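Under full-length UniProt numbering, the first residue of the sequence shown carries the number 1, and numbering increases by one thereafter.
For each residue, glycine too, the CB sits at the ideal point set by N, CA and C.
All values reported here derive from a predicted model rather than from experimental measurement.
First up is the structure itself, then whatever we jot down about it.
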Amino acid sequence: MAQLIDGKAISQQIKDELKAEVEALKNDGTDICLAVIQVGDDPASSVYVRNKKRACAYIGVESRAYELPEDTTEEQLVELVKELNADDTVNGILVQLPLPAQIDEDKIIRTISADKDVDGFHPESVGKLWIGEKGFLSCTPAGVIQLLKRSGIEIAGKECVIIGRSNIVGKPMAALLLRENGTVTIAHSRTKNLADVTRRADILIVAIGKERFITSDYVKEGAVVIDVGMHRDAENHLCGDVDFADVEPVASAITPVPGGVGPMTIAMLMNNCVETVRS
Ligand code: GUN
Numbered sequence: 001m002a003q004l005i006d007g008k009a010i011s012q013q014i015k016d017e018l019k020a021e022v023e024a025l026k027n028d029g030t031d032i033c034l035a036v037i038q039v040g041d042d043p044a045s046s047v048y049v050r051n052k053k054r055a056c057a058y059i060g061v062e063s064r065a066y067e068l069p070e071d072t073t074e075e076q077l078v079e080l081v082k083e084l085n086a087d088d089t090v091n092g093i094l095v096q097l098p099l100p101a102q103i104d105e106d107k108i109i110r111t112i113s114a115d116k117d118v119d120g121f122h123p124e125s126v127g128k129l130w131i132g133e134k135g136f137l138s139c140t141p142a143g144v145i146q147l148l149k150r151s152g153i154e155i156a157g158k159e160c161v162i163i164g165r166s167n168i169v170g171k172p173m174a175a176l177l178l179r180e181n182g183t184v185t186i187a188h189s190r191t192k193n194l195a196d197v198t199r200r201a202d203i204l205i206v207a208i209g210k211e212r213f214i215t216s217d218y219v220k221e222g223a224v225v226i227d228v229g230m231h232r233d234a235e236n237h238l239c240g241d242v243d244f245a246d247v248e249p250v251a252s253a254i255t256p257v258p259g260g261v262g263p264m265t266i267a268m269l270m271n272n273c274v275e276t277v278r279s
C-alpha cells in the first residue's frame, strides 16, 4: 500500500501555524489585508474566490473583495490595480484568473506591484525564484514542495519528472525542485516516448490536464506520485490526471484527488499574504 499524502491535513496544519503567526503580528499592531479581484462571474472562479476569502477569515487576514462586471475594460482594471498598489492598507493583490477576453492577463499581472504579488506570477517574482532570491512563490508548486517535505520525502538527488510546462505550475515547479537539489526533467505535449521519461522518475509531478491519463505503465515501482489535476468525470466524480486505482499499487506515496494538492494552493496563498509583512 502506498503512503497516502494527506493534503487536507497538511494544509490545515499550515493554516493553523499561520493563524498563530497572524495573531502574534496583530498583537504587535500589524494587520494584513488581501485585495481579491474577480471580473465576471465564472462559477469555478467564484468557488475559488469564496474559498480564498474563507481561508483569510480563518487565519485572521482581512479580505477586501472587488467584484467587477464581465464587461470591465482593461483600462478600468489597470486603474483599480494601480489604486491598490498605492494603498498602504492593502498588503497583497490577487486578480482571479482567467480574465475575460478583452483583458490582457499578462498586462494585469505586470501591473500588480511586485511586493504585493501574492500569486507569484509577476516576472520579478518568477525571476527571483530562478536566481535563488527571496520572493513570492507560485502557490501550487510551493504547496507540492510542502507536501513532500512534511511527508518526510527527500528531494535532494532524486529524479524528478514534471509533466506540464505552464507558467503557473510546470515551470515554477521545476525551479523549486531544482532549488531543493532534485534532478529535474520537464516533459510536455511534444515529449517523445513519454512513458520512457516518466518511468525514470523517483518523484513524478503530473500537471497534464487530462482526466486519469497517467496509468501504472507510466510509473516506476516505488515512485512518489503527485497529481495536480482536477476534473469532474462523466459520473460527476472529482478525479485527477492520475488513474489513482491503477497507480496506487505501484507507488510508494501518492496524493488523492480531491484532498491532495488542491487544498495546498490556498494554504500557500495564505503563507504569501503573511510573507508580505514578515521582516
Ligand atoms: N485561477 C486558477 N488558479 C489560479 C491562481 O492560483 N491564482 C489566480 N489568481 N487565479 C487562478
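Alpha carbon to alpha carbon, how far is residue i from residue j?
i	j	result
V197	E17	38 Å
A65	Q96	11 Å
E275	S46	25 Å
K19	C139	18 Å
P100	L80	16 Å
E67	S151	38 Å
V219	L194	11 Å
G40	R200	43 Å
S63	V250	43 Å
C33	G92	7 Å
A44	Q38	11 Å
A24	V36	24 Å
L77	E83	10 Å
H188	S11	28 Å
Out of the options, which one is the CA nearest neighbour of residue i?
i	options	result
D42	I5, I103 and P69	P69
N181	I214, I145 and S166	I145
L269	C160, A9, R200 and V61	V61
D184	C160, K171 and G170	The question names Asp, but residue 184 is Val in the sequence shown. Minimum Cα distance to V184 is reached at C160.
V261	D243, V22 and L147	L147
G143	A9, M1, S279 and A267	A267
K15	K158, I59, P172 and D115	I59
D115	V90, I131 and I103	V90
D71	R190, N85, Q102 and P98	Q102
Could you check how far apart the C-beta atoms of residue i and residue j are, in whole angstroms? I think they sit under 8 Å.
i	j	result
I186	I162	5 Å
G209	D227	That pair is no contact at about 11 Å.
L238	V225	17 Å between Cβ atoms; not a contact.
I254	L4	7 Å
G229	G7	Incorrect: roughly 13 Å between the Cβ atoms, too far for contact.
For the beta strand (DSSP E) that residue i lies in, which residues bound it at each end?
i	result
Q38	C33 to V39
T183	T183 to A187
L77	Careful: L77 lies outside any beta strand (DSSP E), inside the alpha helix (DSSP H) at E74 to A86.
D227	V224 to D227
R50	From DSSP, R50 is part of no beta strand (DSSP E) but of the alpha helix (DSSP H) over P43 to I59.
L94	G92 to V95
Looking at the secondary structure, which residues open and close the alpha helix (DSSP H) in which residue i lies?
i	result
S166	Run containing S166: none; DSSP gives neither H nor E here.
Y218	Premise fails: Y218 is in no alpha helix (DSSP H) and is neither H nor E.
Would you say residue i faces chain D, with C-beta separation under 8 Å as the test?
i	result
K53	Absent here is chain D; the protein component of the structure consists of one chain.
### Query
Contact between the region 126 to 137 and the region 94 to 111: three or more CB pairs below 8 Å?
Not touching, per the Cβ criterion.
### Query
Counting Cβ pairs closer than 8 Å, one from the region 200 to 207 and one from the region 159 to 175, do we hit at least three?
yes
### Query
Among all residues, which have a Cβ less than 5 Å from at least one non-hydrogen atom of ligand 3, and in what chain order do they fall?
Among the ligands in the structure shown, ligand 3 does not appear; only ligand 1 can be found there.
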